[in-house]
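In our numbering, the protein residues as written are 1487 to 1581. Presented below is the structure to which this report refers.
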C-alpha cells in the first residue's frame, strides 16, 4: 500500500470524500489510491458527514520517509483543510 486513500460509508459522503482526496493529492503530489467505501466505525456510526483519510502508509518505506518531513505534513494538513472547505463552501459557510 502507498499513497492517500479516503474512506466513506454513506453514499451521500462520497462527494465529501472525493473533495478531500483530490485536495490532498493536489497539495502534496502523493500517489492517489482513490476513494473507497468501507464500514469503518468512525465513518459509519455518526450523524454527520464523515470521511477517514489515510494520508500515507508507514508500511511503505517511501511513504514513511515522507512522513518524517514537516513540510510534507503541512501539505497534507492543508490538503485536508482545503477539501473540507471545498465541500462545505468555505470557512464561513453555514452548516
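Yeah, the Cβ is synthetic: ideal placement off N, Cα and C, and Gly gets one too. Remember, it's a predicted structure, so these values are computed and weren't measured experimentally.
(request) Identify every residue that forms a DSSP beta bridge with residue 1518. (result) 1490
(message) Are the CB atoms of residue 1519 and residue 1565 within a distance shorter than 9 Å?
(response) No Cβ-Cβ contact shorter than 9 Å links residue 1565 with residue 1519.
(message) Let me confirm a value: residue 1547 is counted as buried when at least 16 other C-beta atoms fall within 10 Å, else exposed. Which label applies?
(response) exposed
(request) Grab me the residues of residue 1569's own chain with a C-beta within less than 6 Å of its C-beta, minus the 5 sequence neighbours each way, in chain order. (result) Here the set comprises 1505, 1506 and 1509.
(request) Just the C-alpha distance for residue 1533 and residue 1549, rounded to the nearest angstrom, thanks. (result) Roughly 32 Å separates the two Cα atoms.
(message) Can you tell me which residues form a DSSP beta bridge with residue 1540?
(response) 1491
(request) Round the Cβ separation of residue 1540 and residue 1491 to the nearest angstrom and send it over; I've been treating them as touching at under 8 Å. (result) 5 Å
(message) By the DSSP assignment, the alpha helix (DSSP H) with residue 1559 in it spans what residues?
(response) 1556 to 1574
(message) Does chain B have any CB closer than 9 Å to the CB of residue 1497?
(response) The structure shown contains no chain B; it holds only a single protein chain.
(message) Tell me the rounded alpha-carbon separation between residue 1495 and residue 1571.
(response) Going by the C-alpha atoms only, they are around 20 Å apart.
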